[in-house]
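Numbering follows UniProt numbering, with no gaps: position 224 of the sequence shown is 224. Each remark here refers to the structure printed beneath this line.
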Amino acid sequence: MRDGDRSERPEAVVITGAGSGIGRALALAYADPGRPIALLGRQHAALQESARMLTERGAIAAIYEVDVRQARDLDVVAQDFHQRFGAVGVLIANAGVSQGTLTAALEDRAVFQEIVEINLLGVMYTCSAFYGVLASPARVAGIASVAGFRGLPGAAAYSASKAAVIAYLESLRLEWRHTGVRVCTICPGYIATPMTAHNPYPMPWLMEVDVAARRMRRAIDAGRPWLVLPRPMAALGYLLRRLPIPIYDRVFQSLPPKPRRSQDEGR
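See below:
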């Protein structure tokens, strides 16, 4: 960790998965004039569009085309961004993918592995890579999901990965409790993004992504350890985690599964 910053400009922010969806919306939520923001993602064109939007608001955008599954590449990005803009005040591990998977479908093995590697290992690799260049104090946030509260039919990889992210961030909060780093676990419900656009089931309390991003920023900046949004989803999540197994099974076993990759490719 590093003390302070090298200038009086707003503290630097790093966001993974910043090319679209929640990541882009978070970047825009933090796009104060003069603020350096690192945009990490796999799609260069999408990152360029995010950078253009940030620049229009006066922020300083730095694009890094990187896969969060590649820990050493993230190490290089962290050092480069620190050399250019100083210590990182806010780190948001947002990169994630969502896809339906079936254990009985052998072709879904690779998809399952990809989801777990990006959603879970990508969060850990991001936090590990940037720890040494965090300011003191700093805030770190990871984007989990209410899907991590209980297993959902046809979404084993996604639910399992997000449940693991929730547990990982809780462990990280305790691990870093004496370092001056505040760790926030964010569990969105249904947010209007490309990731949710093809869900074949009702999405109660669907929230616009820009509204969600503003609420996330407030929670991160305040150093809150936990956020579930929208607010009604927090109450539902509390109930779901305590629902007896027979009742949970009866209610959720008939839900339509999340589309699998083979189905999406046929659209």
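Ideal Cβ positions, reconstructed from N, Cα and C, are used throughout, including at glycine.
Taking the alpha carbon of Val-209 as the reference point, which residue from Gly-17, Arg-177, Leu-26, Ala-18 has its own alpha carbon closest?
Leu-26
Could you check which residue in Ala-46, Pro-137, Phe-85 has the C-alpha nearest to that of Glu-8?
Phe-85
What are the boundary residues of the beta strand (DSSP E) that Thr-179 is part of?
For Thr-179, there is no enclosing beta strand (DSSP E), since its DSSP letter is neither H nor E.
Keeping to the same chain, check which residues put their C-beta closer than 7 angstroms to that of Leu-206; ignore five residues upstream and five downstream.
So the qualifying residues of the chain are Tyr-190, Ala-192.
How would you write the range of the beta strand (DSSP E) that Leu-243 sits in, first residue to last?
Counting along the chain, Leu-243 falls outside any beta strand (DSSP E), and DSSP gives it neither H nor E.
Flag this pair as yes or no: are the beta carbons of Leu-134 and Leu-174 separated by less than 8 angstroms?
no
Confirm, please, whether the CB-CB distance from Gly-34 to Ile-60 is below 8 angstroms.
yes
Can you list the alpha helix (DSSP H) stretches of 4 or more residues lying completely in the stretch 5-47, in chain order?
21-29
Thr-203: buried (16+ other C-beta within 10 angstroms of its C-beta) or exposed?
It is Met, not Thr, that sits at residue 203 in the sequence shown. Exposed, because fewer than 16 other Cβ atoms sit within 10 Å of the Cβ of Met-203.
Bridge-paired residues (DSSP) for Ala-139
Here the sequence assigns Arg to residue 139, which means Ala is not the residue at that position. Residue pairing for Arg-139: DSSP places it in a beta bridge opposite Val-90, Arg-182.
To the nearest angstrom, how far is the alpha carbon of Tyr-238 from that of Gly-223?
22 angstroms
Would you grab the beta carbon distance between Thr-126 and Val-88 for me? Rounded to a whole angstrom, and I think it's under 8 angstroms.
With a Cβ gap of about 11 angstroms, Thr-126 and Val-88 do not count as contacting.
Starting from Leu-74, follow the alpha helix (DSSP H) in both directions and report where the run begins and ends.
71-85
For Pro-188, does the three-state DSSP call read helix, strand or coil?
strand
Is Thr-55 helix, strand or coil by DSSP?
helix
Using a Cβ-Cβ cutoff of less than 8 angstroms, which residues in the same chain neighbour Arg-42 once the five nearest sequence positions on both sides are dropped?
Gly-19, Glu-65, Val-66, Asp-67
Counted within 10 angstroms of its Cβ, other Cβ atoms place Pro-244 as buried (16 or more) or exposed:
When all chains shown are included, Pro-244 counts as exposed.
Residue burial classification, His-178 (beta-carbon count within 10 angstroms, cutoff 16):
exposed
So within the stretch 116-166, which uninterrupted alpha helix (DSSP H) runs reach at least 4 residues, ignoring any that extend past its ends?
122-131
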